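Q: Converting from the sequence shown to the working numbering requires adding 25 to each position, the first position being numbered 1. Before I ask anything, here is the structure I am working with.
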Amino acid sequence: MKKFALLLAVYSGALASASVSVSAPANGSTVSPMVQYVASASSSCPSGVSAMGIYTAPNQLVYTVQGPKLNTLLTLNPGVYHTVVEEWDNCGGASVTPVTITVGSGGNVSVTAPKTNSAVSSTVQYVASASSSCAKGVSAMGIYTAPGQLAYKTQGAQLNALLTLNPGVYDTVVQEWDNCGGSAVAPVTITVGGSSTSGVFTNLHQQPGWTGYGLLPSLYNICNSCSPSGPQVTWAMTQNISSPSLSGNSTRMDIGGETVNSDVLWNNHPIGDFSSQGMPDYNHSIVPNLHNFTYDVYFYVEDPGVSQAVEFDINQFVGGYSYIWGHECRIAGGNEWDIWDNPGQKWHPTGVACNPLPNAWNHLVLQVQRTSDNQLLFQSITLNGVSSTLNYYENPTTTTWYGVTINYQQDGNYEQTSYSVWLDKLNFTYW
26 MKKFALLLAV YSGALASASV SVSAPANGST VSPMVQYVAS ASSSCPSGVS AMGIYTAPNQ
86 LVYTVQGPKL NTLLTLNPGV YHTVVEEWDN CGGASVTPVT ITVGSGGNVS VTAPKTNSAV
146 SSTVQYVASA SSSCAKGVSA MGIYTAPGQL AYKTQGAQLN ALLTLNPGVY DTVVQEWDNC
206 GGSAVAPVTI TVGGSSTSGV FTNLHQQPGW TGYGLLPSLY NICNSCSPSG PQVTWAMTQN
266 ISSPSLSGNS TRMDIGGETV NSDVLWNNHP IGDFSSQGMP DYNHSIVPNL HNFTYDVYFY
326 VEDPGVSQAV EFDINQFVGG YSYIWGHECR IAGGNEWDIW DNPGQKWHPT GVACNPLPNA
386 WNHLVLQVQR TSDNQLLFQS ITLNGVSSTL NYYENPTTTT WYGVTINYQQ DGNYEQTSYS
446 VWLDKLNFTY W
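What follows is the structure, given as structure tokens:
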């Protein structure tokens, strides 16, 4: 240990023009067993810095990298570590920075979105959850877009946030902090394209362009003779509702009528044919370049048990193909999420539970993708912070439509009991 300390003194004193800056972990901090090191180095050597490395104990070099930057994860057992981050220049010199850390109880961060090493739009959705062996649980979670740049933080063990980033490559980090002084991280590298064919429609429930349709059993095609006043099935959409509301401006969707097991579909056309949002895409420069979609909405229902199901769909029509990502929260039929098989015209159970809370706001996030080989990919469903990865593929069908649309639907039960659902903060992201 004396020799190790002597080396520290020699390096630090002899090469004053060289330096090592460590952004993470902080000296004297308590960390989880998975420790992220982020550091950079400089030197007055004309040939620059050759490499950097990490010692976890004297003579225990556990990591090296070429060049003047270092960003890596080390897995360490609990205990106190007098680590050292060192740089070596191309003139035979070196410089070090000591970092003492205490590795505490284990924690874990699971990031559902975005995928690491993925290309994303300028509006990036982060969905993550955390766990810890700390008896007091997880205190908070956050997102770093660069070392020392905490861009978002929330209390608890669930995170769901949209960040707007400039084009470029980001070595982001999602971190959790527990109530015992421990922490854990998950690195997520993304490339933000900043493409003009990306964006987000915010508070779409407040916007014009919604049309309601009655659907009668047993075929459930659009009923052209039905009207909102019934009698077979009744429906209404009322915007600008102040209570219940999260934003101060929710929208109430009502269903009723005399024909049991009837449904009501509401549809909006944001992009392409019949665009309600000023994006008709006459020259076909937008829709063909869109492959990823996120449907993010809060919904409130007083008694979910009176609903047969509530449905949330994302639809893309491009290149002669119809891509329908249908998601149905089957309530009366067993509290399970189903997804739509467009060629087979049937629902597939996912095994993922769907239990909306009564008299409360439920937060739903759906993520889907049109793959590079033109398949539908159902990626994930997140309800009230619980994220379930599906990774289910389906084939499209043919169509002459063109554009991107979204649906919301309420299904009537065996008594066609009248009920209302309130929607708020409906954001639709595309890239």
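Where is the CB? At the ideal position from N, CA and C, for every residue including glycine. Predicted, not measured: the structure shown is a model, and the values here were computed from it.
From what residue to what residue does the beta strand (DSSP E) around SER134 run?
A: As a working mapping, residue 134 is identified with position 109 in the sequence shown. Just to set this straight, residue 134 is Val in the shown sequence, not Ser. Taken as a continuous stretch (DSSP letters only), the beta strand (DSSP E) holding VAL134 covers 132–138.
Q: Return the residue from the list GLN91, LYS178, ALA334 and GLY344 that minimises the CA-CA distance to GLN400.
A: Counted from its first residue, the sequence shown places residue 400 at position 375. When each option's Cα is compared against that of GLN400, the closest is GLY344.
Q: Can you tell me which of ILE280, HIS230, VAL60 and ALA261 puts its alpha carbon nearest to the alpha carbon of ASN96?
A: Position 71 of the sequence shown, counting from 1, holds the residue named residue 96. Of ILE280, HIS230, VAL60 and ALA261, the smallest CA-CA separation from ASN96 is found for VAL60.
Q: In whole angstroms, give me the CA-to-CA distance for PHE342 and PRO93.
A: On the sequence shown, residue 342 is found 317 positions in, with the first residue counted as 1. On the sequence shown, residue 93 is found 68 positions in, with the first residue counted as 1. Approximately 48 angstroms between the Cα atoms of the pair.
Q: So PHE324 and LEU391 are supposed to be a Cβ contact under 8 angstroms. How far apart are they, rounded?
A: In the sequence shown, counting from the first residue as 1, residue 324 sits at position 299. In the sequence shown, counting from the first residue as 1, residue 391 sits at position 366. Actually they do not touch by this definition, with Cβ atoms about 12 angstroms apart.
Q: Look at THR422 and PRO374 and say whether their C-beta atoms are less than 8 angstroms apart.
A: Numbered from 1 along the sequence shown, position 397 holds the residue referred to as residue 422. Numbered from 1 along the sequence shown, position 349 holds the residue referred to as residue 374. In this structure, PRO374 does not lie closer than 8 angstroms to THR422 by Cβ.
Q: May I have the straight-line CA-CA distance separating VAL110 from THR81, to the nearest angstrom?
A: Here residue 110 refers to the residue found at position 85 when the sequence shown is read from its first residue. Here residue 81 refers to the residue found at position 56 when the sequence shown is read from its first residue. Taking the straight line from one Cα to the other gives about 9 angstroms.
Q: Mind checking ALA34: buried by the 16 CB within 10 Å criterion, or exposed?
A: Taking the first residue of the sequence shown as position 1, residue 34 is located at position 9. With a pLDDT of 36 at ALA34, under the threshold of 50, the modelled position of this residue cannot be trusted; read the value that follows with caution. Label assigned to ALA34: exposed.
Q: How should HIS294 be labelled, buried or exposed, when 16 other C-beta atoms within 10 angstroms of its C-beta is the threshold for buried?
A: Along the sequence shown, read from residue 1 onward, the residue named residue 294 stands at position 269. Burial check for HIS294: the Cβ neighbour count within 10 Å reaches 16 or more, so the residue is buried.
Q: Are the CB atoms of PRO269 and TRP447 within a distance shorter than 8 angstroms?
A: Taking the sequence shown and counting its residues from 1, the one referred to as residue 447 is at position 422. Taking the sequence shown and counting its residues from 1, the one referred to as residue 269 is at position 244. In contact: TRP447 and PRO269 (Cβ atoms closer than 8 angstroms).
Q: Tell me the rounded alpha-carbon separation between CYS116 and TYR169.
A: As a first step, residue 116 must be located in the sequence shown, where it is residue number 91. As a first step, residue 169 must be located in the sequence shown, where it is residue number 144. Distance between the alpha carbons of CYS116 and TYR169: 35 angstroms.
Q: In the DSSP assignment, find the unbroken beta strand (DSSP E) run with CYS354 in it and report its ends.
A: Here residue 354 is taken as the residue at index 329 of the sequence shown, counted from 1. Taken as a continuous stretch (DSSP letters only), the beta strand (DSSP E) holding CYS354 covers 346–355.
Q: Going straight from the alpha carbon of GLY330 to that of SER254, what length do you get?
A: On the sequence shown, residue 330 is found 305 positions in, with the first residue counted as 1. On the sequence shown, residue 254 is found 229 positions in, with the first residue counted as 1. If you take the alpha carbons of GLY330 and SER254, they lie about 24 angstroms apart.
Q: How many angstroms separate the CA atom of VAL47 from the CA atom of PRO123?
A: Position 22 of the sequence shown, counted from the start, is the residue given in the question as residue 47. Position 98 of the sequence shown, counted from the start, is the residue given in the question as residue 123. Each residue's Cα considered, the two are about 9 angstroms apart.
Q: Can you tell me which of THR55, ILE79 and CYS70 puts its alpha carbon nearest to the alpha carbon of TYR62?
A: Here the question's residue 62 lines up with position 37 in the sequence shown. Ranking the options by Cα distance to TYR62, first place goes to ILE79.
Q: Going by alpha carbons, who is nearest to GLU346 out of ALA357, PRO313, ASP363 and ARG355?
A: The sequence position of residue 346 within the sequence shown is 321, counting from 1. This sequence places Tyr at residue 346; Glu is not what is there. Nearest C-alpha to TYR346: PRO313.
Q: Are the beta-carbon atoms belonging to SER120 and ALA155 less than 8 angstroms from one another?
A: By 1-based counting over the sequence shown, the position of residue 120 is 95. By 1-based counting over the sequence shown, the position of residue 155 is 130. Taking a C-beta distance under 8 angstroms as the contact criterion, SER120 and ALA155 do not qualify as a contact pair.
Q: Rounded to a whole number of angstroms, what is the C-alpha to C-alpha distance between MET166 and GLY206?
A: Here residue 166 corresponds to residue number 141 of the sequence shown, with the count starting at 1. Here residue 206 corresponds to residue number 181 of the sequence shown, with the count starting at 1. Answer to the nearest angstrom: the Cα atoms are 13 angstroms apart.
Q: Using the Cα positions of GLY239 and ASN249, report the straight-line distance between them to the nearest angstrom.
A: Here residue 239 refers to the residue found at position 214 when the sequence shown is read from its first residue. Here residue 249 refers to the residue found at position 224 when the sequence shown is read from its first residue. Their backbone Cα atoms lie some 8 angstroms apart in a straight line.
Q: Using CA atoms only, rank isn't needed, just tell me which of VAL198, VAL194 and VAL145 is closest to ALA153.
A: Along the sequence shown, read from residue 1 onward, the residue named residue 153 stands at position 128. Of the candidates VAL198, VAL194 and VAL145, the one whose C-alpha sits nearest the C-alpha of ALA153 is VAL198.
Q: What does DSSP give as the partner residue(s) for VAL322 in the beta ladder?
A: Residue numbering aside, residue 322 sits at position 297 when the sequence shown is read from its first letter. Looking at the DSSP assignment, VAL322 forms a beta bridge with LEU389.
Q: Rounded to a whole number of angstroms, what is the C-alpha to C-alpha distance between LEU241 and TYR418?
A: Numbered from its first residue, the sequence shown carries residue 241 at position 216. Numbered from its first residue, the sequence shown carries residue 418 at position 393. In a straight line, the C-alpha of LEU241 is about 29 angstroms away from that of TYR418.
Q: Pick from LEU389, ALA357, GLY104 and LEU415: whose alpha carbon is nearest that of GLY437?
A: Position 412 of the sequence shown holds residue 437. Closest by alpha carbon: ALA357.
Q: Is the separation between the beta-carbon of ILE215 and that of VAL128 shorter than 8 angstroms?
A: Stepping through the sequence shown from its first residue, residue 215 is reached at position 190. Stepping through the sequence shown from its first residue, residue 128 is reached at position 103. Contact flag unset, no.
Q: Go ahead and label GLN180 buried or exposed: buried means 16 or more other beta carbons lie within 10 angstroms of its beta carbon, across all protein chains shown.
A: Locating residue 180 in the sequence shown gives position 155, where the first residue counts as 1. Label assigned to GLN180: exposed.
Q: Alpha carbon to alpha carbon, how far is LYS450 from ASP321?
A: Counted from its first residue, the sequence shown places residue 450 at position 425. Counted from its first residue, the sequence shown places residue 321 at position 296. So the two alpha carbons sit approximately 8 angstroms from each other.
Q: Starting from VAL331, follow the beta strand (DSSP E) in both directions and report where the run begins and ends.
A: Walking along the sequence shown from the start, residue 331 turns up at place 306. VAL331 -> no beta strand (DSSP E), and no H or E assigned at all.
Q: Counting only the same chain and skipping the five closest in sequence on each side, list residues whose C-beta sits under 6 angstroms from that of TRP202.
A: Position 177 of the sequence shown, counted from the first residue, corresponds to residue 202. Closer than 6 angstroms at the Cβ level, and outside the excluded window around TRP202, lie SER164, ALA165 and SER208.
Q: Please confirm whether THR407 has its beta-carbon closer than 8 angstroms to some beta-carbon of chain D.
A: Reference to chain D is not applicable here, since this structure consists of a single protein chain.
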